[in-house]
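Novice:
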Amino acid sequence: MAPSAWIREQETEPSILDVTTRIALIPGDGVGPEVMAEAEPLIDWARSRGHRLETVRLSYGADHYLSTGETLPEEAYADLRDGFDAVIFGAVGDPRIPDGRHAEEILLRLRRGLELTVNFRPCQPLPGLSRQGLHLEVFRENTEGAYCLQGSTEPGRAVDLAVHTEVAVLRLLEVAFARAQARGCALTLAHKANVLKHGHGLWVRVFQSLQAAHPDVPARGMHADALLCALVQDPAPFGVIAADNYLGDLISDLTAAFAGGMGTAPSLSWAPHRPFRCAVLAEPVHGSAPDIAGKGLANPVGMILSTALLFRHLGWESEAETVERAVAAAMRDGARTRDLGGSLSTAGMGAAIRDRLSG
Ligand code: GGG
Numbered sequence: 001m002a003p004s005a006w007i008r009e010q011e012t013e014p015s016i017l018d019v020t021t022r023i024a025l026i027p028g029d030g031v032g033p034e035v036m037a038e039a040e041p042l043i044d045w046a047r048s049r050g051h052r053l054e055t056v057r058l059s060y061g062a063d064h065y066l067s068t069g070e071t072l073p074e075e076a077y078a079d080l081r082d083g084f085d086a087v088i089f090g091a092v093g094d095p096r097i098p099d100g101r102h103a104e105e106i107l108l109r110l111r112r113g114l115e116l117t118v119n120f121r122p123c124q125p126l127p128g129l130s131r132q133g134l135h136l137e138v139f140r141e142n143t144e145g146a147y148c149l150q151g152s153t154e155p156g157r158a159v160d161l162a163v164h165t166e167v168a169v170l171r172l173l174e175v176a177f178a179r180a181q182a183r184g185c186a187l188t189l190a191h192k193a194n195v196l197k198h199g200h201g202l203w204v205r206v207f208q209s210l211q212a213a214h215p216d217v218p219a220r221g222m223h224a225d226a227l228l229c230a231l232v233q234d235p236a237p238f239g240v241i242a243a244d245n246y247l248g249d250l251i252s253d254l255t256a257a258f259a260g261g262m263g264t265a266p267s268l269s270w271a272p273h274r275p276f277r278c279a280v281l282a283e284p285v286h287g288s289a290p291d292i293a294g295k296g297l298a299n300p301v302g303m304i305l306s307t308a309l310l311f312r313h314l315g316w317e318s319e320a321e322t323v324e325r326a327v328a329a330a331m332r333d334g335a336r337t338r339d340l341g342g343s344l345s346t347a348g349m350g351a352a353i354r355d356r357l358s359g
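Here the sequence shown is numbered in our numbering, starting from 1 and rising by one per residue.
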């Protein structure tokens, strides 16, 4: 290409900072709004560093459902899908709605509707916590399996179906293989194909087909029960673990416990094939924890680290690293919420982290 044409292309191409990123904030229920309040200043901070950002707060959750009967209205969902780039989500779940209908129609709807197949749940203990040096990452399929919401209850009999599709399994496993390859670490598939011959049989077949294409990745399948036993005994040899929705949910709660518990565990879900404008959702692993809601007892670290994962996904590596460094510095300096044996409130921990943002 001639230099002048190249220069014209450079001039007309919008710089990444010229593009407005639209982020929907859905605090949800219980401790969701409290931890979201500690993520929002980070978005303002990213804006102050030149990123063009617009946030819109959406109040869907238990209170909205109980007062209006609405969970996530179709128009709101369509606007979110086509008019936003990302979602930051707090938590859903409320004892006033024992069947969890609103949670299902908000969070599972977003995960499934936006085809957020990949749920990434890293576990790296922060400074001052036990198991230093551990670096485990769980890749959980996020849209189907036992969470496909198909089943029935009859007198004396209840059925939950688990639907696994080759497309979703392949999408999840391709990301897990690529990550293990990039990290140069082992990849383990958790399954129970000895019993769940159909669904998990499919997982094993797809896994084996990718093994052939990635001879440099030390990859193996393990029965999930044996894997859990091995993890409890010594998680260090594991690098990346891939699993279906149900097993991934359980395994990632165990790995969260290795790194300080649910309060510190971040997650990011995304659609690798980008079917819609909105293709990524950040949320802490923890739920709404209604027993401690409104008391300033929730640990905001999971939410803050999820926000850092979102920054990285959006290409804002410097902001992601700065936030992660600030969390590590606060922990190194002894900042702790009650769940980690300290006395800081949710807001106090958020402030301790923000005080250490630099760079
Ligand atoms: N941030 C994850 C989330 O909200 N998950 C939903 C959930 O687990 N809800 C049940 C609960 O809050 O107890």
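All residues carry an ideal CB built from backbone N, CA and C; glycine is no exception.
Please tell me whether residue 122 and residue 132 are closer than 8 angstroms, where the distance is taken between their beta carbons.
Specialist: Contact: no.
Novice: Measure the CB-CB distance between residue 71 and residue 112 and report whether it falls below 8 angstroms.
Specialist: Result no, Cβ atoms of residue 71 and residue 112 do not sit closer than 8 angstroms.
Novice: Using C-beta distances below 8 angstroms, list every residue in its chain close to residue 6, excluding the 5 sequence neighbours before and after it, in chain order.
Specialist: Note that residue 6 has pLDDT 28, beneath the 50 cutoff, so the model's placement of it is unreliable and the number below is only indicative. Here the set comprises nothing.
Novice: How many angstroms separate the CA atom of residue 174 from the CA atom of residue 307?
Specialist: Rounded to whole angstroms, residue 174 to residue 307 spans 24 angstroms at the Cα level.
Novice: So the candidates are 116, 83 and 234; which of them puts its Cα closest to the Cα of residue 442?
Specialist: Because the chain is modelled from 1 through 359, residue 442 falls outside the range shown and cannot be assessed.
Novice: Taking the alpha-carbon positions, what's the residue 322 to residue 31 distance?
Specialist: Roughly 25 angstroms between the two C-alpha positions.
Novice: Check whether the Cβ of residue 283 sits closer than 7 angstroms to any heavy atom of the ligand GGG, and report yes or no.
Specialist: Residue 283: yes, Cβ under 7 angstroms from the ligand GGG.
Novice: Are residue 58 and residue 21 touching if we call contact CB-CB under 8 angstroms?
Specialist: Not closer than 8 angstroms, so no.
Novice: Can you give me the Cβ contacts of residue 388 inside the same chain, cut-off strictly under 6 angstroms, excluding the 5 residues immediately before and after it?
Specialist: Residue 388 lies beyond the stretch modelled for the chain, which goes from 1 to 359, so this question has no answer here.
Novice: Assuming residue 349 and residue 301 form a contact by the criterion Cβ under 8 angstroms, report the distance between their Cβ atoms to the nearest whole angstrom.
Specialist: With a Cβ gap of about 7 angstroms, residue 349 and residue 301 count as contacting.
Novice: Is residue 298 buried or exposed, if buried means 16 or more other CB atoms sit within 10 Å of its CB?
Specialist: By the 10 Å Cβ count, residue 298 comes out buried.
Novice: Got a sec: is the Cβ-Cβ distance from residue 236 to anything in chain D below 8 angstroms?
Specialist: You won't find chain D in this structure, because it holds only one protein chain.
Novice: Suppose you measure from the CA of residue 314 to the CA of residue 84; what does that come to, to the nearest Å?
Specialist: Going from the Cα of residue 314 to the Cα of residue 84 covers about 13 angstroms.
Novice: Assign residue 265 to buried or exposed, taking buried as 16 or more other Cβ atoms, counted over all protein chains shown, within 10 Å of its Cβ.
Specialist: Burial call: buried.
Novice: Using 8 angstroms as the threshold, is the C-beta distance between residue 227 and residue 188 below it?
Specialist: Yes, the pair counts as a contact, with Cβ atoms nearer than the cut-off.
Novice: Looking at residue 89 and the ligand GGG, is the gap between the Cβ and the nearest heavy atom below 7 angstroms?
Specialist: Yes - the ligand GGG has a heavy atom lying nearer than 7 angstroms to the Cβ of residue 89.
Novice: Is the segment 337-355 touching the segment 37-46, taking contact as three or more C-beta pairs under 8 angstroms?
Specialist: Contact holds: three or more Cβ-Cβ distances are below 8 angstroms.
Novice: Measuring CA to CA, which of 103, 343 and 218 is closest to residue 186?
Specialist: Nearest option by C-alpha distance: 218.
Novice: Measuring alpha carbon to alpha carbon, tell me which of 181, 277, 279 and 196 ends up nearest residue 247.
Specialist: Closest by alpha carbon: 196.
Novice: With respect to 7 angstroms, is the separation between the Cβ of residue 92 and the closest non-hydrogen atom of the ligand GGG below this value?
Specialist: Within the cutoff, so yes.
Novice: Taking the DSSP output, what are the residues bridged to residue 145?
Specialist: According to DSSP, residue 145 bridges with 163.
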